[in-house]
Amino acid sequence: MMTRKKRRMWILLLCALGLGSATALTLTAFQDNLVFFRSPSDVMAQQPGPDRAFRLGGLVEAGSVERDAAVSGQRPTVRFRVTDGAHVIQVAYQGVLPDLFREGQGVVTMGRMVDGTFRASEVLARHDETYMPPEVADALKRSGHWNPAQGAAPPPATWNTLDPARPAAPGRTGS
Amino acid sequence: MIAELGHFALALALVLALAQALLPLIGAHVRDGRMMASAAPLAVGQCLALIASFACLVYVYVINDTTVLNVVQNSHSLKPLLYKITGTWGNHEGSLLLWVNILGLCGAAVSGFGRELPTALRARVLGVLGLISVGFLMFTIKTSNPFDRMWPPPPDGQGLNPVLQDIGLAMHPPLLYVGYVGYAVTFAFAIAALIEGRVDAAWGRWVRPWSLAAWSFLTLGIALGSWWAYYELGWGGYWFWDPVENASLLPWLIGTALLHSAIVVEKRDALKTWTILLAIIAFAMSLLGTFLVRSGVLNSVHSFANDPERGLFILALLMVYVIGAFLLFAFRASAMIPTGIFAPVSREGAIVLNNLLVCSITAVVFVGTLWPMFADALFGMKVSVGPPFFNAASFPLVVPLLLAMAAGPLMPWKRAQLFSVVMRLWWCAVIGFAAFFLALLLSGQKVMPAVGFAFAAWVVGAAIADIADRTALFRTNLGNSWNRAKGLPRAAWGAAIAHAGVGICAAGIAGMGLAQERMVALAPGESTTLAGYEWRLEGVRDVEGPNWTARRATISLLKDGAVVHVMEPSRRWFPIARQNTTEVAIRTNLIADLYAVIGEEEAGTGKAVIRLHYNLLAPWIWLGAAIMALGGGLSLADRRIRVSAPNRATARMVPAE
Numbered sequence: 001m002m003t004r005k006k007r008r009m010w011i012l013l014l015c016a017l018g019l020g021s022a023t024a025l026t027l028t029a030f031q032d033n034l035v036f037f038r039s040p041s042d043v044m045a046q047q048p049g050p051d052r053a054f055r056l057g058g059l060v061e062a063g064s065v066e067r068d069a070a071v072s073g074q075r076p077t078v079r080f081r082v083t084d085g086a087h088v089i090q091v092a093y094q095g096v097l098p099d100l101f102r103e104g105q106g107v108v109t110m111g112r113m114v115d116g117t118f119r120a121s122e123v124l125a126r127h128d129e130t131y132m133p134p135e136v137a138d139a140l141k142r143s144g145h146w147n148p149a150q151g152a153a154p155p156p157a158t159w160n161t162l163d164p165a166r167p168a169a170p171g172r173t174g175s
Numbered sequence: 001m002i003a004e005l006g007h008f009a010l011a012l013a014l015v016l017a018l019a020q021a022l023l024p025l026i027g028a029h030v031r032d033g034r035m036m037a038s039a040a041p042l043a044v045g046q047c048l049a050l051i052a053s054f055a056c057l058v059y060v061y062v063i064n065d066t067t068v069l070n071v072v073q074n075s076h077s078l079k080p081l082l083y084k085i086t087g088t089w090g091n092h093e094g095s096l097l098l099w100v101n102i103l104g105l106c107g108a109a110v111s112g113f114g115r116e117l118p119t120a121l122r123a124r125v126l127g128v129l130g131l132i133s134v135g136f137l138m139f140t141i142k143t144s145n146p147f148d149r150m151w152p153p154p155p156d157g158q159g160l161n162p163v164l165q166d167i168g169l170a171m172h173p174p175l176l177y178v179g180y181v182g183y184a185v186t187f188a189f190a191i192a193a194l195i196e197g198r199v200d201a202a203w204g205r206w207v208r209p210w211s212l213a214a215w216s217f218l219t220l221g222i223a224l225g226s227w228w229a230y231y232e233l234g235w236g237g238y239w240f241w242d243p244v245e246n247a248s249l250l251p252w253l254i255g256t257a258l259l260h261s262a263i264v265v266e267k268r269d270a271l272k273t274w275t276i277l278l279a280i281i282a283f284a285m286s287l288l289g290t291f292l293v294r295s296g297v298l299n300s301v302h303s304f305a306n307d308p309e310r311g312l313f314i315l316a317l318l319m320v321y322v323i324g325a326f327l328l329f330a331f332r333a334s335a336m337i338p339t340g341i342f343a344p345v346s347r348e349g350a351i352v353l354n355n356l357l358v359c360s361i362t363a364v365v366f367v368g369t370l371w372p373m374f375a376d377a378l379f380g381m382k383v384s385v386g387p388p389f390f391n392a393a394s395f396p397l398v399v400p401l402l403l404a405m406a407a408g409p410l411m412p413w414k415r416a417q418l419f420s421v422v423m424r425l426w427w428c429a430v431i432g433f434a435a436f437f438l439a440l441l442l443s444g445q446k447v448m449p450a451v452g453f454a455f456a457a458w459v460v461g462a463a464i465a466d467i468a469d470r471t472a473l474f475r476t477n478l479g480n481s482w483n484r485a486k487g488l489p490r491a492a493w494g495a496a497i498a499h500a501g502v503g504i505c506a507a508g509i510a511g512m513g514l515a516q517e518r519m520v521a522l523a524p525g526e527s528t529t530l531a532g533y534e535w536r537l538e539g540v541r542d543v544e545g546p547n548w549t550a551r552r553a554t555i556s557l558l559k560d561g562a563v564v565h566v567m568e569p570s571r572r573w574f575p576i577a578r579q580n581t582t583e584v585a586i587r588t589n590l591i592a593d594l595y596a597v598i599g600e601e602e603a604g605t606g607k608a609v610i611r612l613h614y615n616l617l618a619p620w621i622w623l624g625a626a627i628m629a630l631g632g633g634l635s636l637a638d639r640r641i642r643v644s645a646p647n648r649a650t651a652r653m654v655p656a657e
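As C-alpha cells, then:
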C-alpha cells in the first residue's frame with residue numbers, strides 16, 4: 001500500500017501532466033486555427049494572402065446582391081459587396097445564404113482573399129434580425145460612419161456618400 | 001391585474017428567499033433548532049410564490065395581453081397556443097423566471113426528500129440555496145422584470161422569433177436549466193460541508209444523486225439543442241462549437257467529473273476536497289454559461305439582442321458566489337481528511353484519471369471559448385476560435401479518455417491488477433481493430449472516422465464485458481447468470497448503459513465524418529444523384545400555415561428507377577417577424593438520415609437551389625446521448641438511494657468548531 005505522501009506526489013505529477021498537455025495542445029491548435037476579424041478598411045490597408053483564412057464583416061451594401069444564373073446540377077454562386085462605409089469588398093459565395101441574410105444588414109463571412117475577391121466559405125446566420133455583430137458595429141464606428149449613441153445605423157445605400165466627419169442622422173436600416 | 005399579481009408573487013418570493021438565506025444559516029451557527037426548522041417551510045413557500053408568478057406569466061401570454069411589454073415583444077395573437085405557452089420562456093425575462101422557478105422547485109425537493117439529513121446540514125444547504133435565489137430574484141426584478149407594463153398597448157404583439165417556434169427548442173431550456181440548477185444544489189451541499197468542516201460517506205450519498213440528476217438532464221438538454229440545430233437551422237451539422245453551445249458543454253464536462261468523484265467519496269471516503277472543488281466549479285460553469293448567453297459578450301450564432309447592464313449584473317453575481325465559495329474553500333478545505341487510501345492502478349485511480357482528462361478537456365474548451373473575449377479586452381484583437389481549434393485540441397484528450405473509460409469499471413477498488421483487466425478486455429480491442437479496418441476499407445481510406453468507429457466499438461464492447469463479468473456470463477450456466485443480472489445493483493447497470501451510450505454517440509459522430517453533401521440548382525423534372533439515390537425535383541408549390549406562408553418542394557427519391565421516398569422540404573415566410581425559416585425534410589431509418597433543404601428560387605427560370613445530405617449514423621448521436629441519460633436515470637433508481645442514507649455516526653455529531 002502506498003503512503004499518503006507518495007500518493008500525493010503521484011496525483012500532483014498526473015495533474016501537472018494533464019495541465020501541461022492541455023496547455024501544449026491549446027497553444028499548438030491556436031497557432032493554426034485562430035481566425036482574425038478584418039473590416040473592409042483593414043483589408044484595403046493590408047491585403048492578406050490567399051493562404052490565410054479570416055473573417056470579413058460589415059454591412060451588405062444595398063442593391064449589391066447578384067445571383068449568377070443557375071446552371072442545373074451545379075452549386076449556385078452569389079455575389080455581394082460588404083462595406084464599412086469607407087471601403088467596399090466584393091464577396092463571392094457558393095451556396096445558399098442563411099435565412100437572415102438581408103441587404104443593408106450586418107454580416108460576418110469567413111473565407112480568403114483570392115485575386116481581389118473575398119471567396120467566402122461560410123456566411124454566418126443570426127437568430128435575430130435586429131442583431132448587429134459586435135465586430136461590425138465596431139468597424140462602423142472606426143470608419144467614422146456611425147455613432148451608436150445617435151440611434152440605428154444609417155441606411156447603407158448612403159454609406160459611400162456620407163461625410164465621415166459628420167455622422168449620419170439616425171435612420172432605420174433598410175430591410 | 002394578473003401581471004401585477006405575478007409581479008407581487010415574484011417580490012414575495014424574494015422576501016421569502018431572503019428569510020430562507022438568513023434564518024437557517026444563522027440558526028445553524030448558533031444551533032437554534034427553531035430557526036433551522038424554518039428552512040423547509042420557507043423553501044416550500046418560496047417555491048409556491050414562484051410557481052404562482054410563473055403561472056401569471058403563462059396566463060398573460062395565453063390571453064395575449066398586449067399591455068405587458070414582454071408579451072408585445074415576444075408573442076402574437078395568431079401564434080398557436082402551444083407556442084404561446086412555450087414562448088413564455090423563449091425570451092430573456094421569461095427564461096430567467098423559469099430558472100428561478102426550477103431553483104425554487106429544487107429547494108422544495110431538498111426540503112421534501114431531505115428529512116433524513118442531519119438538521120444542521122439541511123438548514124445550511126437550504127440557506128445557501130436561498131442565497132442563490134436572492135441574487136437571481138434581484139436580477140430578475142431589477143433588470144429583467146417580465147411583468148413590465150406598456151401603455152398605450154399596441155394592437156398586437158411582434159411575434160416570437162420563428163426559429164424558436166418549435167417543440168424541440170421549447171423543451172430545450174427547461175431541461176438545460178434543470179441541469180444548471182441541479183448543480184446549484186450540489187454547490188449548496190459543498191458550501192454547507194465547508195461551513196461544517198466535514199465531509200463523509202453520507203454526504204457523498206446525498207451529493208451523488210443530485211449531480212447524477214443534474215447531469216442526466218443536462219445531457220438531454222444539450223442533445224435536444226444539438227438535434228434542434230440539426231433539423232431547424234438546416235446546415236446539416238449537429239455541433240458548431242459555438243460559444244453558447246460550449247457554455248452548456250462546460251458544466252456538463254465538470255459535472256461528468258463530479259459524478260465520478262462523488263462515487264469515490266461515497267464508497268471510499270477519499271477525494272473529498274477535490275469533489276467539493278468540482279461541485280463549486282460545476283456551479284461556477286453553470287453561472288458562466290448563463291452569463292455568456294445572457295450578456296451577449298461573445299459573438300454567437302445564437303446571440304439574442306443583449307444588454308450590457310444585465311451582463312454586468314450576472315458577472316457581479318458570478319463573482320460574489322464563486323469568489324465567496326473559493327475563499328471559504330481556501331480557509332476550510334484543509335479540515336477534510338481523507339481516510340481511504342488507494343493504489344494508482346485501482347478504480348479510484350481510474351476515476352482520478354477520468355477527472356484529470358475531463359478537466360483538461362474543460363480547460364481547452366474554456367480557453368477556446370473565452371479567448372476572443374480576453375483578446376479583445378486585453379490586446380484589442382478581434383479574433384474568433386472555430387471548430388478546427390476545438391477538434392484539434394480536444395481530440396488527443398478524448399482518445400485516452402475513451403481508452404480509460406473502458407477499463408475503469410472492471411477494476412476493483414483500492415488495488416487492481418492491470419493484467420486481469422487486459423484479460424477481460426482483449427476481445428473488445430480485437431473488435432475495435434476489426435471496426436477500424438472495416439471502416440477504412442468501406443469508407444475509402446478515411447482515417448479519422450475509422451478511428452472513431454474503433455473507439456466506439458471498444459467502449460460499447462467494454463460496457464458489455466463489464467456486465468458479462470459481473471453476471472459471470474459464460475463462466476456459469478445461463479440461468480445462474482440471469483439471476484445474477486437481476487440481482488445486480490441498478491447503479492451498475494446504469495453505469496454500463498451510460499458508458500455504452502458514450503460509445504454509440506461516438507459512433508454517430510464518426511459516421512457524420514462520412515456524411516455526403518450536394519448542393520445543386522434544379523429545374524422541376526431535373527434530378528441529381530447522391531449516395532446511390534436519384535433525387536428528382538418534382539415541383540415547388542405554395543402552402544399556407546397559421547402564421548406563415550411557405551414554398552414547399554416535392555423531391556422524389558428513386559432507386560433503380562422506382563420511387564422509394566418522397567420528401568417535402570419547405571421554406572417558410574413569417575410576415576409578422578419578416579423572416580424566413582428553413583423546414584428540413586428528413587427521412588431516417590436509424591442507420592442514415594436522408595436530409596433535404598430547399599433554398600432560394602430563381603425568378604423566371606423556376607430553378608430552385610436544393611441542398612441534399614446523406615448523414616450516416618446521424619441519429620446515433622442523440623440516441624447515444626439519450627442512452628447516457630437513461631443510464632443516469634437507472635442509477636438514480638438504485639436501491640441505496642431510495643433507501644434512506646444511514647445516519648452519521650453519533651460520535652461525530654459533535655460539531656467540528
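Chains as they are written, first to last, in UniProt numbering: chain Y, 1 to 175; chain U, 1 to 657.
Using N, Cα and C, we set each Cβ at its ideal position, and we do this for glycine too.
Which of the residues in the stretch 544-574 of chain U, read from start to end, lie with their CB under 7 angstroms from any CB of chain Y?
none
If I'm right that Ala49 of chain U touches Leu12 of chain U with Cβ under 8 angstroms, what's the distance once you round it to whole angstroms?
5 angstroms
Are there 16 or more other CB atoms within 10 angstroms of the CB of Thr529 of chain U, so buried, or fewer, so exposed?
exposed
Mapping the DSSP letters down to three states, classify Thr20 of chain U as helix, strand or coil.
With the sequence shown as reference, residue 20 of chain U is identified as Gln, and Thr is not the correct amino acid for it. If DSSP states are grouped into helix, strand and coil, Gln20 of chain U belongs with the helices.
Continuous alpha helix (DSSP H) stretch holding Gly225 of chain U: start and end:
201-232
From U:Glu526, U:Arg294, U:Ile323, pick the residue whose C-alpha is nearest to that of Glu309 of chain U; which is it?
U:Arg294
At least one CB of chain Y closer than 8 angstroms to the CB of Ala393 of chain U: is that the case?
yes
Say whether chain U places a C-beta atom closer than 8 angstroms to the C-beta of Gln105 of chain Y.
no
Give the list of continuous beta strand (DSSP E) stretches no shorter than 3 residues that lie fully inside the stretch 55-91 of chain Y.
77-83
Just reading off the beta strand (DSSP E) that Arg587 of chain U is part of, what are its end residues?
585-588
Assumed close pair Ser527 of chain U, Ala553 of chain U - CB separation to whole angstroms, cut-off 8 angstroms
Not quite, the Cβ-Cβ distance comes to about 13 angstroms (not below 8 angstroms), so this is no contact.
By Cβ distance below 6 angstroms, which residues in the same chain neighbour Lys6 of chain Y in space, the five residues on each side in sequence not counted?
none
From the beta carbon of residue 662 of chain U, is the nearest beta carbon of chain Y less than 8 angstroms away?
The question about residue 662 of chain U has no answer here: the residues shown for chain U are numbered 1 through 657.
Using three-state DSSP, classify His302 of chain U as helix, strand or coil.
Note on His302 of chain U: pLDDT 47, under 50, position unreliable in the model; the coordinate value appears next. Coil at His302 of chain U, not helix or strand.
Near-chain U residues of the stretch 51-83 of chain Y (beta-carbon distance less than 8 angstroms), N- to C-terminal order
Arg55, Arg67, Ala69, Ala70, Val71, Ser72, Gly73, Gln74, Arg75, Pro76
Reference Ala330 of chain U, options U:Ser133, U:Gly197, U:Val358, U:Gly234, closest by Cα:
U:Gly197
Using only the alpha-carbon positions, how far apart do Ala247 of chain U and Leu288 of chain U sit?
7 angstroms
Inter-residue spacing [alpha-carbon to alpha-carbon] between Val460 of chain U and Gly501 of chain U:
8 angstroms
Can you give me the Cβ contacts of Asn70 of chain U inside the same chain, cut-off strictly under 6 angstroms, excluding the 5 residues immediately before and after it?
Glu93, Pro146
Quick one: complete alpha helix (DSSP H) runs, 4+ long, within the stretch 307-361 of chain U?
308-332
I'd like to know whether the C-beta atoms of Tyr183 of chain U and Pro118 of chain U end up nearer to each other than 8 angstroms.
no
Limits of the beta strand (DSSP E) - the one that Gln516 of chain U falls within
516-522
Using a Cβ cut-off of 8 angstroms, which residues of the stretch 602-625 of chain U contact any Cβ in chain Y, in chain order?
Glu602, Thr605, Lys607, Val609, Arg611
Leaving out five residues on either side along the sequence, give the residues of the same chain with a beta carbon under 7 angstroms from the beta carbon of Ser121 of chain Y.
Met110, Gly111
Let me see if you follow: with CB-CB separation under 8 angstroms, is Gly18 of chain Y close to chain U or not?
yes
Checking contacts by CB at 8 angstroms: is Val35 of chain Y closer than that to chain U?
yes
Under 7 angstroms by beta carbon: chain U residues contacting Phe30 of chain Y
Phe389
According to DSSP, which residues form a beta bridge with Ser384 of chain U?
Y:Val35
Report the rounded CA-to-CA distance for residue 661 of chain U versus Gly237 of chain U, giving the unit in angstroms.
Residue 661 of chain U lies beyond the stretch modelled for chain U, which goes from 1 to 657, so this question has no answer here.
Is the CB of Ile11 of chain Y under 8 angstroms away from at least one CB in chain U?
yes
Reducing DSSP to helix, strand and coil, say where Glu568 of chain U ends up.
coil
If you draw a straight line from the alpha carbon of Leu488 of chain U to that of Ala407 of chain U, how long is it in whole angstroms?
19 angstroms
For a quick check, are the C-beta atoms of Trp413 of chain U and Glu348 of chain U less than 8 angstroms apart?
yes
Label Leu312 of chain U either buried or exposed according to how many other C-beta atoms from any shown protein chain fall within 10 Å of its C-beta, with 16 as the threshold for buried.
exposed
Neighbourhood of Ala629 of chain U by C-beta distance below 6 angstroms, restricted to the same chain and skipping five residues each side:
Ser216, Thr219, Leu220
Below 8 angstroms on C-beta distance, what does Thr26 of chain Y contact in chain U?
Ala363, Val364, Val367, Gly368, Ala393
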